[in-house]
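Below is one structure; the comments refer to it alone.
2 protein chains.
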Amino acid sequence: MEIITGGITAAKGFQAAATAAGIKYQNRMDMAMIVSQVPAASAGTFTTNVVQAAPVKWDRKLVTEESHARAVVVNAGIANACTGAEGMEYCQKTAEAVEHTLKIPANQVLVASTGVIGMQLPMEKLTLGIEAMAPQLEDSLESGHQAACAIMTTDTKAKEAAVTFQVEGKTVTVGGMCKGSGMIHPNMCTMLGFLTTDLAISKELLQEALREDIIDTYNMVSVDGDTSTNDTVLLLANGMAGNPEIIQKDENYRKFTEALHYVNTALAKMMAGDGEGATALFETRVIHADSKEHARTLAKSVICSSLTKAAIFGHDANWGRILCALGYSGVKFDPEAIELFFQSKSGRIQIYKDGTATDYSEEEATRILSEPEVTVLVDMKMGDAKAVAWGCDLTYDYVKINADYRS
Amino acid sequence: MEIITGGITAAKGFQAAATAAGIKYQNRMDMAMIVSQVPAASAGTFTTNVVQAAPVKWDRKLVTEESHARAVVVNAGIANACTGAEGMEYCQKTAEAVEHTLKIPANQVLVASTGVIGMQLPMEKLTLGIEAMAPQLEDSLESGHQAACAIMTTDTKAKEAAVTFQVEGKTVTVGGMCKGSGMIHPNMCTMLGFLTTDLAISKELLQEALREDIIDTYNMVSVDGDTSTNDTVLLLANGMAGNPEIIQKDENYRKFTEALHYVNTALAKMMAGDGEGATALFETRVIHADSKEHARTLAKSVICSSLTKAAIFGHDANWGRILCALGYSGVKFDPEAIELFFQSKSGRIQIYKDGTATDYSEEEATRILSEPEVTVLVDMKMGDAKAVAWGCDLTYDYVKINADYRS
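These protein sequence lines map, in sequence, to chains L and G. Start counting the first sequence at 1; every next residue gets the next number (full-length UniProt numbering). Start counting the second sequence at 1; every next residue gets the next number (full-length UniProt numbering).
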C-alpha cells in the first residue's frame, strides 16, 4: 500500500467539479459534484438518528435498490432536513437536473446536503449550479480538492486522503474526502464522507467492507456527542482498475479493506482535529480491555467528556477526569488495576497507577499536553482488546461558533 | 405544605456549623458539620461511577449497616477520590475526631468530600476544623446557611430549601442544602445533597422515599454529562416532630414524599441554574410520551446536547438541534407528528409542527429565549407520560472554569 496525494479524483475514471451556487454562503464555493465515467457499484452508511434528512432517505433507497450509481451532488449551507415532502422533491429534481445536463439516469444520482435544518433548498440555484459544474468536470487532483473545499461548513481545512495498492498486477486506488466531525457523534454541521475506488468488486462486498470499517473509524470520532440528521458516507467502485472482480473475502479483499481503513482513519483524524473551535487532536487509545466493544466504549467515553476536553484545552494533566469518564462509561473494571499515560511527540509519561497518581512532573505533563496531537493511553490490564477514539479539546471558540451558528 | 425559609437546620433538633479549615481554599469557609441532637434514621444514594471516592464507600457502608447516624462532616477543595487505603483511613479518622470532640460514636458519623481528585486530605487541618466547629454548632437558620456556603466549590450561590407539613397534628419540617450540578450527570465538582427532617419514619421507608425521588429530581439534572466519583445525597430523620412513626405507605407517607419532592426539585433546579458558567436555567418538559422512561430519556437528551446548550446561550431559536437531540436519544417516534414550543416568563411560542418549522417570529423567539429561565416544551403526541429535565446553557465561562480548574 502506498500513500499518495489526492482525494476523490485519485482513482481512475472519477471526475469532480465545484461551484459558487450562492445557496446560503456568499463569495465561496458551496456545491460539488462527483461523476464516474462508467456506472459504479455503490455502498452507503447513514445516520442512526430517528430524524433523517431528505437526502439520507433518497440515498439509502438508491444504494439499496439500484445496482449502480454514477454521480453525487453535494451542497453546503442548507441541510434539507425537516423539510417534508418538498425536501424529498428537491432530491428528485436535483437528480433530474443531472440527468438533463449529463445524460446520467436520475436513479444513478446520489445527493448530500449539510448546513441549517428546516430551511428549503433554493432549487433554481441548485439547477444553475449543476449546469455550471457540468462543463468543468475534470479528473485532476485540483478539481478533487476544489470539491473538498466546496463541501465545508465550519471546517477550517479541506480533508482528503488516497492510497494505491496492487491487485493481480493492476494498480488500484482508493481516495476520499469528507467534512464535519463524526458519524455517531457528529457536529450538527454533519459528517459527510465520499469515497471512490477504481477497484472491481461486488456490490455486496463493497457494502460489507464499508459497514465494517466505519465502526472503527468515523464512528470513533466525536466532537460534541451530537448525532446529525444528515450523516452520510458513500463509496463508489467503478472497476476501471481492470482487476478481476472481487467476489469473495480473499487476499485481494483484505488488501482493499486495509486501503479503505487507511483512508477512513486518515479522514476521521482530520475531522476530529478540525472539530469546531479545536486547538488539538485528542486521541484515546485503550489497550488490554476484556472485549473490543468495551475498549470502544471506554475510549469513546474519555474523548466525549466535556471536562476532559476542557482540561486538554488548558494543557492540564487532570487524570482524575479521565478516570472518572472511564468509570461512568458503563464498563466494569478495577480502578486500582488500570494505568494511565499521556503521550505526544514531546514524550510519554505515566500519570496513574495502583489507584492513585504517580509521582510525575506536572511541568513535563503540561509540555506533553501542549502539542497539537495529544494521546491518552489507557491500559485496562484485563485482556487483549484495544480501540482508538478521536476527539478534540473544548474551547471558547466551540461555544462561539455554536452560540451564533445561524446568525 | 408550606414553603419556608431555611435549609438543613430548619427541622427540629438539627444543628450546623462551618469553618475556614484551609484545606485547599484560602480565606473562605471550606468545612461544614451537621449534627442531630438525637440519633436519626439515615438514608443515602450514591454515584453509579465505577470509580468511587473513599467517603462514598464509607457512607454507603454506614447507611446500610448502621441503624442510625448523628453527624455529617463535609469538606470542599479535595475530593478524597483515588486516594487508596490512606483515603479510607482519613474517613475513619474524621469520624474518630467527631467521636472524640462530641462524644458521638464514630459509626454514626457520615463524611462527604468534593474537589480535586487524587490528592490526600490534610488530616490535621480536618481535625482542627472539627474542633473549631464543635462549640459553634447552632440550630439557627444562619448556621445552616453558613454550612451551605462552606460546601460550595465552583458554585456561585448557596442552595437551600425547606417546607413544613402536618402529620397527626404535629408540624413536620423537611430542609436541605446542596452543591454542584447533578447526580447522574454531575459536574466533576460533585453533586452533594444533605437533607434533614424531624419526621419519625422507619429507616426502610426513608430509604425508599429518597431512592424513588432522586430519579425525577437530581437525576434529571445535567450540566455537562460527566458523572462524578463523589456524588452523594444523604437524608437524616430524627423523629423530633413527635409524630407517630410512619411505618407504611399511608397518607402521612404520601405527604412526606410530596414535601421531599418539593425540596429536592427546588435544589435540583438551583444546581442546574448555577451550572458552571451558566447564564440561564434550561428546562425541557416532555409531555404525551409513550412511557415515563422514554419521557425522561428524551428530556435528558435535549438538556445534554452541547449544540442546543450553546444555542440557548446565544438566544438562538435553533429548533433543529432540539429535534436532532430527540432523534438520537434512542427513543423511536415520528418526527412529523411531534410539536415543539419555547416558553419563558416572556411568553410561549410554537416553533415546530408537521415535520417543519412553524411561521414563528424569530424576534419573538429570541425575546423568549433571553430570560434567565427558559423552557423547551416537547409534545410527543403518543401517550400520557411526562418528564422534566434541567440543565443550563454552554458558555465561554464553562470552558474557562474547566480549562484551568486545578491551577
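All C-beta atoms in this analysis are idealised placements derived from N, C-alpha and C, irrespective of residue type, glycine included.
*asked:* Please classify R70 (chain G) as buried or exposed, where buried requires at least 16 neighbouring CB atoms within 10 angstroms.
replied: Counted from its first residue, the second sequence places residue 70 (chain G) at position 70. Under this definition R70 (chain G) is a buried residue.
*What is the DSSP secondary structure of P39 (chain L), counted as helix, strand or coil?*
Counting from 1 along the first sequence, the entry for residue 39 (chain L) is found at position 39. The three-state reading of DSSP puts P39 (chain L) in strand, counting E and B together.
*Which of helix, strand or coil DSSP assigns to I368 (chain G)*: Locating residue 368 (chain G) in the second sequence gives position 368, where the first residue counts as 1. In the three-state scheme derived from DSSP, where H, G and I count as helix and E and B as strand, I368 (chain G) is classed as helix.
*Using DSSP with H/G/I as helix, E/B as strand and the rest coil, what is A85 (chain L)?*
As a first step, residue 85 (chain L) must be located in the first sequence, where it is residue number 85. In the three-state scheme derived from DSSP, where H, G and I count as helix and E and B as strand, A85 (chain L) is classed as helix.
*Given a cut-off of 8 Å, decide if S344 (chain L) and T366 (chain L) are closer than it, judged by their beta-carbon atoms.*
Residue mapping note: residue 366 (chain L) aligns to position 366 of the first sequence, counting from 1. Residue mapping note: residue 344 (chain L) aligns to position 344 of the first sequence, counting from 1. No.
_Simplified DSSP assignment, three categories, for T19 (chain L)_ = Taking the first residue of the first sequence as position 1, residue 19 (chain L) is located at position 19. Strand.
*Can you tell me the Cα-Cα spacing of F333 (chain L) and V302 (chain L), whole angstroms?*
Residue mapping note: residue 333 (chain L) aligns to position 333 of the first sequence, counting from 1. Residue mapping note: residue 302 (chain L) aligns to position 302 of the first sequence, counting from 1. Their Cα atoms are separated by approximately 15 Å.
*How would you label T229 (chain G), buried or exposed, when you count the other beta carbons within 10 angstroms and need 16 or more for buried?*
Counted from its first residue, the second sequence places residue 229 (chain G) at position 229. T229 (chain G) should be labelled buried.
*Would G330 (chain L) be called buried (16 or more neighbouring beta carbons within 10 Å of its own) or exposed?*
In the first sequence, residue 330 (chain L) corresponds to position 330, counting from 1. G330 (chain L) comes out exposed.
*asked:* For D59 (chain L), would you say it is in contact with chain G, using Cβ-to-Cβ distances shorter than 8 Å as the test?
replied: Residue numbering aside, residue 59 (chain L) sits at position 59 when the first sequence is read from its first letter. Chain G has no Cβ within less than 8 Å of the Cβ of D59 (chain L).
*If you count every other CB in all the chains shown that lies within 10 Å of the CB of V38 (chain G), and 16 or more means buried, which is it?*
Residue numbering aside, residue 38 (chain G) sits at position 38 when the second sequence is read from its first letter. Per the 10 Å Cβ criterion, exposed.
*In chain G, what lies closer than 7 Å to A310 (chain L) by C-beta?*
Counted from its first residue, the first sequence places residue 310 (chain L) at position 310. Correct list: V399, N402 and A403.
*Have a look at F14 (chain L) and D213 (chain L) and give me their C-alpha separation to the nearest angstrom.*
What you label residue 14 (chain L) is simply residue 14 of the first sequence in a count that begins at 1. What you label residue 213 (chain L) is simply residue 213 of the first sequence in a count that begins at 1. Put simply, the backbone Cα of F14 (chain L) is about 22 Å away from that of D213 (chain L).
*Does T45 (chain G) come within less than 8 Å of chain L when only Cβ atoms are used?*
As a first step, residue 45 (chain G) must be located in the second sequence, where it is residue number 45. At a cut-off of 8 Å between beta-carbon atoms, T45 (chain G) makes no contact with chain L.
*List the residues of chain L that T297 (chain G) touches, going by C-beta distances under 9 Å, in chain order.*
One-based indexing of the second sequence puts residue 297 (chain G) at position 297. Within chain L, not a single residue places a beta-carbon under 9 Å from that of T297 (chain G); the smallest gap is close to 12 Å.
*L326 (chain G) to M88 (chain G), Cα distance in whole Å?*
By one-based count along the second sequence, residue 326 (chain G) stands at place 326. By one-based count along the second sequence, residue 88 (chain G) stands at place 88. It is roughly 42 Å from the alpha-carbon of L326 (chain G) to the alpha-carbon of M88 (chain G).
*Return the first residue and the last residue of the alpha helix (DSSP H) that M271 (chain G) is part of.*
For this step, residue 271 (chain G) is matched to residue 271 along the second sequence. Note, M271 (chain G): alpha helix (DSSP H), E251 to G273.
_So, at 7 Å on beta carbons, what are the nonlocal neighbours of I322 (chain L) in its own chain, with the 5 sequence-adjacent residues on each side left out?_
For this step, residue 322 (chain L) is matched to residue 322 along the first sequence. If we look at I322 (chain L) and ignore the five residues flanking it on each side, its Cβ neighbours are V302, T308, L340 and V376.
*Are the Cβ atoms of V53 (chain G) and S113 (chain G) separated by less than 8 Å?*
Counted from its first residue, the second sequence places residue 53 (chain G) at position 53. Counted from its first residue, the second sequence places residue 113 (chain G) at position 113. Looking at the sequence itself, residue 53 (chain G) is Ala, so the reference to Val does not match. In contact: A53 (chain G) and S113 (chain G) (Cβ atoms closer than 8 Å).
*Give, in chain order, every unbroken run of the alpha helix (DSSP H) that is at least 4 residues long and sits entirely within the stretch 116–159 of chain L.*
Whole alpha helix (DSSP H) segments, 4+ residues: 123–133 and 141–150.
*asked:* Give me the residue from G:V174, G:K93 and G:C82 with the minimum Cα distance to A266 (chain G).
replied: Counting from one through the second sequence, the residue named residue 266 (chain G) turns up at place 266. The residue among G:V174, G:K93 and G:C82 with its C-alpha nearest the C-alpha of A266 (chain G) is G:V174.
_Just checking: is the beta-carbon of C392 (chain L) within a distance shorter than 8 Å of some beta-carbon in chain G?_
Walking along the first sequence from the start, residue 392 (chain L) turns up at place 392. Using a CB distance cut-off of 8 Å, C392 (chain L) does not count as an interface residue toward chain G.
_If you reduce the DSSP assignment to three classes, tell me which class E363 (chain G) lands in._
Numbered from 1 along the second sequence, position 363 holds the residue referred to as residue 363 (chain G). Here E363 (chain G) sits in helix by DSSP.
*Whose C-alpha, out of L:S36, L:L281, L:A289 and L:H288, is nearest the C-alpha of C304 (chain L)?*
Position 304 of the first sequence, counted from the first residue, corresponds to residue 304 (chain L). Cα-wise, what sits closest to C304 (chain L) is L:L281.
*Around the Cβ of T197 (chain L), are there at least 16 other Cβ atoms within 10 angstroms (buried) or fewer (exposed)?*
Taking the first residue of the first sequence as position 1, residue 197 (chain L) is located at position 197. A residue is called buried once 16 or more other Cβ atoms fall within 10 Å of its Cβ, and T197 (chain L) is buried on that count.
*Straight-line gap, G182 (chain G) to K157 (chain G) (C-alpha atoms, nearest Å)*: Along the second sequence, read from residue 1 onward, the residue named residue 182 (chain G) stands at position 182. Along the second sequence, read from residue 1 onward, the residue named residue 157 (chain G) stands at position 157. For G182 (chain G), the predicted model reports a pLDDT of 41, less than 50, meaning its position is unreliable; a value from the coordinates is still stated below. One C-alpha to the other measures close to 15 Å.
*Step through the CB atoms of chain G and report whether any lies within less than 8 Å of the CB of F313 (chain L).*
Numbered from its first residue, the first sequence carries residue 313 (chain L) at position 313. Under the 8 Å criterion on CB atoms, F313 (chain L) is classed as interfacial with respect to chain G.
*Tell me which same chain residues have a C-beta within less than 6 Å of the C-beta of S291 (chain G), skipping the five on either side of it?*
Along the second sequence, read from residue 1 onward, the residue named residue 291 (chain G) stands at position 291. In chain order, A385 place their CB closer than 6 Å to the CB of S291 (chain G), counting only its own chain and leaving out the 5 sequence neighbours on each side.
*asked:* Bridge partners for M33 (chain G) per DSSP, in chain order?
replied: The residue labelled residue 33 (chain G) in the question sits at position 33 within the second sequence. BP columns for M33 (chain G) point to G:A17 and G:V73.
_Within 8 Å of chain G by C-beta, residues of the stretch 331–357 of chain L in sequence order_ = Answer in chain order: V331, K332, F333, P335, E336, Y352, D354, G355, T356 and A357.
*Determine which residues of the stretch 65–97 of chain G have a Cβ less than 9 Å from any Cβ of chain L, and write them out in chain order.*
Under the 9 Å Cβ criterion, the stretch 65–97 of chain G contributes A79, A81, C82, T83, G84, A85, E86 and G87.
_Considering only the alpha carbon of each residue, which of G:H261, G:T297 and G:Q350 lies closest to A161 (chain G)?_
Within the second sequence, numbered from 1, the residue matching residue 161 (chain G) stands at position 161. The shortest C-alpha separation from A161 (chain G) is found at G:H261.
*Please confirm if the stretch 119–136 of chain G is in contact with the stretch 386–405 of chain L, defined as three or more CB-CB distances below 8 Å between the two stretches.*
At 8 Å Cβ cutoff, the stretches do not touch.
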